[in-house]
Amino acid sequence: MDKQGKNIVQRRLLFMISLMLIFMFLLVSYINDEMHFTSSLFMGISLLLVNMLLYKLEKPRLIKVKGKRVKQPIGINYVAKVVQLAICIFLIVGSWTSFEKKQVFGWMKGYAQDRERYSVLVERSDKANSLYDLNNSAFGYMSDDAHRINDVVENISSSLKQRITPCIYSTHKETLAALYSTKIQVLIINEKNRPDFEKIDKDFSRKTKVIKSYII
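Residue numbers (the UniProt record's numbering): 1 to 216.
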């Protein structure tokens, strides 16, 4: 393979690697609630356009060498390649940093021996469909598993960019009554305790919906 052919292969390989890294970065960030869907979409389109521009800028230019017009890399081609490599490194570091967080590992494994699933619930009639619809809502949970639920609260606070101060209840009946009476709009539960809520109200699962789950 001649020098020109190698250059084409390198450009295309770098372009494909960049695309895969962009997809991985956006997927992990979205799963981990670091970006809203619209923000992920906007960033994805922006990175794709930048990647396509850099790919085009890496293309060797026709220049005169000893009276002949030949394709040969020039300064802008090398600059574009360096910028694209820098973006790849940024995407790798960003994805790995986000990937290390507990909820991403939990989402991929689905379970873990020392972790449990916690759900953020609202009433079925509530218009909220995502965590970001819960700004300024009143949260609550039962006190039997406060330590791990505090980790869930920290994750929610981080995602919503506001401090969440939930109401804490001592019994399943009291907790459920608070949700149904709208003293709280959002209930955080350990999924292993769902049967206890269903003992109080057999239609509990039908009357509520899960907005977000965490594995802690």
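All residues carry an ideal CB built from backbone N, CA and C; glycine is no exception. Just so we're clear, the structure is a prediction, and the values are computed from it rather than from any experiment.
Which residue marks the beginning of the alpha helix (DSSP H) containing residue i, and which one marks its end?
{"i": "E154", "result": "A146 to L160"}
{"i": "K209", "result": "Note, K209: premise wrong, no alpha helix (DSSP H); beta strand (DSSP E) at T208 to I215."}
{"i": "T182", "result": "Careful: T182 lies outside any alpha helix (DSSP H) and carries neither H nor E."}
Which of the three DSSP states, helix, strand or coil, is assigned to residue i?
{"i": "I189", "result": "strand"}
{"i": "R194", "result": "helix"}
{"i": "R12", "result": "helix"}
{"i": "S39", "result": "helix"}
{"i": "K59", "result": "coil"}
{"i": "I164", "result": "coil"}
{"i": "K202", "result": "coil"}
{"i": "A112", "result": "Model confidence at A112 stands at a pLDDT of 44, short of 50, so the residue's coordinates are unreliable and nothing is read from them."}
I'd like the span of the beta strand (DSSP E) that includes residue i, first residue to last.
{"i": "I168", "result": "C167 to Y169"}
Going along the chain, which unbroken runs of the beta strand (DSSP E) with 3 or more residues stay wholly within the segment 116-148? 117-123 and 139-142
Quick check: the segment 168-177 against the segment 122-132, are at least 3 beta-carbon pairs closer than 8 Å? no
Does the segment 184-193 touch the segment 136-146, meaning 3 or more C-beta pairs lie closer than 8 Å? yes
Is the segment 196-206 touching the segment 160-170, taking contact as three or more C-beta pairs under 8 Å? no
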